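2 protein chains.
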Amino acid sequence: MDKYYLKLAIHAAERSRGKCSPNPFVGAVIVKDGKIVGEGNTQPYGYDHAEMVAIKQAKDQCRGATLYVSLEPCCHYGKTPPCTDAIIQAGLARVVIGIMDPNPLVSGKGIKALKDAGIEVEYGYFEREITEQLEYYLCYIKQHRPFVIWKCAQSLDGKYAASDGSSQWISNPAARKYVHKVRSQVEVVLAGLKSVSEDDAMLNVRGLRQAKQPLRLILDPFLEISLSSRFVASAKEYPAMIMYHQADPAKCEALKAAGIELKQIKAYKDELDLQEVMAALFEMKLYSVLLETGNRLSEAFWKAGLVDKCMIFYGNMILGGDKSLFRNFDRHNIDHAIHLERIKVKRLQDNILVTGYPLL
Amino acid sequence: MDKYYLKLAIHAAERSRGKCSPNPFVGAVIVKDGKIVGEGNTQPYGYDHAEMVAIKQAKDQCRGATLYVSLEPCCHYGKTPPCTDAIIQAGLARVVIGIMDPNPLVSGKGIKALKDAGIEVEYGYFEREITEQLEYYLCYIKQHRPFVIWKCAQSLDGKYAASDGSSQWISNPAARKYVHKVRSQVEVVLAGLKSVSEDDAMLNVRGLRQAKQPLRLILDPFLEISLSSRFVASAKEYPAMIMYHQADPAKCEALKAAGIELKQIKAYKDELDLQEVMAALFEMKLYSVLLETGNRLSEAFWKAGLVDKCMIFYGNMILGGDKSLFRNFDRHNIDHAIHLERIKVKRLQDNILVTGYPLL
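Chains as they are written, first to last, in my numbering: chain V, 1 to 360; chain B, 361 to 720.
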């Protein structure tokens, strides 16, 4: 039954997806005499971790019970006290853990603290599943940068726009709604200036109830964004940031007054240094980015090796013409093609979503 | 129960798919007192139709029984005598028909013949399903040309080849095997000269047991095909035809000697008149064509409105570069995009097949 209860904990964790960063979203279940006496998932940053929620629910019944938790419990003081202390004090007899937390503040130390207190500990279950579930967090901890999801919408014949530039809408309403759901689950939605200047994009989450709004981030090397864009106009309502390289101080002031946060970043020629962009986001403890970039900025991210996951939406249309992605991200020969692993295919009415992890 | 038995007849028909042209593949079930006493599917051209197979199986039990058949029974002498006569003679009391046969030799006359003989007749069931099942035949009868399936293989970013031209293999073995299955179910596999000159393609069915071989057809306006190509070398083993416009008589003779059938076709500039190609195939009683054409010839078929069904295979790779389909089949604006109806999505391991019917 261990696997059954651990699976419940993994499912419980999903309830906190996108709602507790920079903490990982974790699930916990407490079982005593074959009965579930507590269940929890990570609360928003600064509030209880999953283990604490479950312990508070189980109360006295924790004594001698088993705790199932998807990620190794923390053993350090962060915004909250260590979970290991609470587990020990509650009198739990056994702890079954999905995966170890690679965070150097925890990594194995949580397990050791429990064992030292005489608690029976097992770990290493559903590793593939939990590793994928916590992919944002694990990338952030291990690679010291946010997890990057690249998203695009193409016609069936691989065009991101008709030859006259029109592209609204290649994706159907179901696909566009799905994108809003993904936006609500990431910390940052990133686009180039063109998204604002050509599509007047807001990049916020719309059409979902009680959705978390991501930080909307525009890369705009010379701060050319229009003050009358919807992006700027909505900056007091939805968090907005612009990363730039060089700018007129008056424009900076005007944007700040509109509620936009500005960050200066190194640049090569007319492109911001994407490694610096990532470093700045890491600094800000943001661990996931959705790229809603046009062709040119997309190419730059791919060239920099900064794509962890792809979401390719195929709209139900044939467009023809020559507006196909990646003209300048040319693999030359088929032997140098980039393959995706763990491909998933999802139908969204007559649209198709392919997700996968590029082997860069 | 009528629908249940008719569904069985529709399933029985599938056993003859691609094996009885130019006859449609039909299924029949005979039921007496709630028991199936006969079942049949169309035999190869010149042999028994589905109804006859079922009647021969049911023998005396036909008297007073009900016949379920996916397509209206024929009432004319073709290679075999009329099925309606056999139905009447067998003493069947009731006939439930899926759809009427639009073939003017039958259309309604089969039903009338049965009714005139005092048989109770009903028809018009599963029309959408049977119309799709018999799409090749129905196109052939109604439009006086073969049904045309356009097939392509693309990378996830919509490239049919890497920028150096390499394209073997964009599709994985499962997808390629699937193509061989489709080849075995059509009458004609059509390609341009390039498939032979660049890929040395055979265009036959391989890797399937007891598969019917289609007619392999190359459009080669100036009969430039190499006599040493595998296509030519295999012409005595697998049926092969070349349609051309102008040619050196000696080359014609050499190809004929190799076992290739030649057909002269009108041309505009350096392209064969595709309507003439279709007319020639109709003349030959061939009712389905699989296009395995490169970009340029594909564009010509699309421009001519000669695509009834699409099969788009997506290989698991990102190729970049500029080799994307339909540069010259440009819809200009998204409002003029071509949409597909009845989209189906099939996974072939890590490849994806999208099929649909273009609304041209």
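Idealized CB from N, CA, C, for every residue including glycine.
Computed from a predicted structure; not experimentally measured.
- For leucine 156 of chain V, a Cβ of chain B is located within less than 8 Å of the residue's own Cβ.
- The beta carbons of tryptophan 510 of chain B and phenylalanine 642 of chain B sit no closer together than 8 Å.
- In this structure, glutamine 154 of chain V sits near glycine 518 of chain B, with a CB-CB distance shorter than 8 Å.
- One Cα belongs to glycine 118 of chain V, the other to isoleucine 87 of chain V, and the distance between them is close to 11 Å.
- For the region 705–716 of chain B, the residues whose beta carbon sits under 7 Å from a beta carbon of chain V are, in order, Val705, Arg707, Asp710, Ile712, Val714.
- By the neighbour-count definition (other C-beta atoms within 10 Å, threshold 16), methionine 278 of chain V is a buried residue.
- The three-state reading of DSSP puts alanine 600 of chain B in strand, counting E and B together.
- Contact annotation, leucine 219 of chain V with methionine 243 of chain V: C-beta distance approximately 5 Å; criterion of less than 8 Å satisfied.
- Rounded to whole angstroms, aspartate 408 of chain B and valine 508 of chain B show a C-alpha spacing of 27 Å.
- Contact annotation, tyrosine 485 of chain B with leucine 366 of chain B: C-beta distance approximately 5 Å; criterion of less than 8 Å satisfied.
- Fewer than three beta-carbon pairs drawn from the region 528–535 of chain B and the region 168–179 of chain V are found closer than 8 Å, and the two stretches are therefore not classed as touching.
- Contiguous alpha helix (DSSP H) elements confined to the region 493–520 of chain B occur at 495–503, taking only those with 4 or more residues.
- With respect to glutamate 39 of chain V, glutamine 57 of chain V sits close: the two C-beta atoms are nearer than 8 Å.
- Distance from the CA atom of lysine 611 of chain B to the CA atom of serine 544 of chain B, rounded to whole angstroms, is 30 Å.
- If you check the CB distance, isoleucine 678 of chain B and phenylalanine 25 of chain V do not come in under 8 Å.
- At a cut-off of 3 residues, the continuous stretches assigned as beta strand (DSSP E) that sit fully inside the region 60–132 of chain V are 66–71, 94–99, 120–123.
- Sequence-distant Cβ neighbours of arginine 505 of chain B in its own chain, meaning closer than 6 Å and more than five residues away, are Met638, Phe642.
- Counted as a single uninterrupted DSSP element, the alpha helix (DSSP H) harbouring alanine 593 of chain B occupies residues 590–593.
- For serine 684 of chain B, the neighbours in chain V by C-beta distance under 8 Å run, in chain order, Asp157, Gly158, Lys159, Asp322, Ser324.
- Secondary structure of lysine 212 of chain V (DSSP, three-state): coil.
- Residue burial annotation: serine 228 of chain V is exposed, with fewer than 16 other C-beta atoms found within 10 angstroms of its C-beta.
- Per DSSP, the beta-bridge partners of glycine 387 of chain B are B:Asn401.
- At a beta-carbon threshold of 7 Å, the residues of chain B lying near aspartate 164 of chain V are His692, Asn693, ordered along the chain.
- Residue contact with chain B for asparagine 316 of chain V: present (Cβ-Cβ distance below 8 Å to some residue of chain B).
- Histidine 699 of chain B has a beta carbon lying within less than 8 Å of a beta carbon in chain V.
- Judged by beta-carbon spacing, alanine 607 of chain B lies within the 8 Å limit of leucine 583 of chain B, meaning their Cβ atoms are closer than that value.
- Taken through DSSP and simplified to helix, strand or coil, leucine 577 of chain B comes out as strand.
- If you check the CB distance, serine 195 of chain V and glycine 108 of chain V do not come in under 8 Å.
- Taken in chain order, the complete alpha helix (DSSP H) segments of 4 or more residues contained in the region 185–210 of chain V are 193–199.
- In the three-state DSSP reduction, asparagine 711 of chain B falls in the strand class (E or B).
- Taking a beta-carbon distance threshold of 8 Å, phenylalanine 661 of chain B does not count as an interface residue toward chain V.
- For the pair proline 102 of chain V and glutamate 135 of chain V, the Cα-to-Cα distance works out to about 12 Å.
- Taking 8 Å as the upper bound for CB-CB distance, cysteine 310 of chain V and leucine 348 of chain V are not in contact here, some 16 Å apart.
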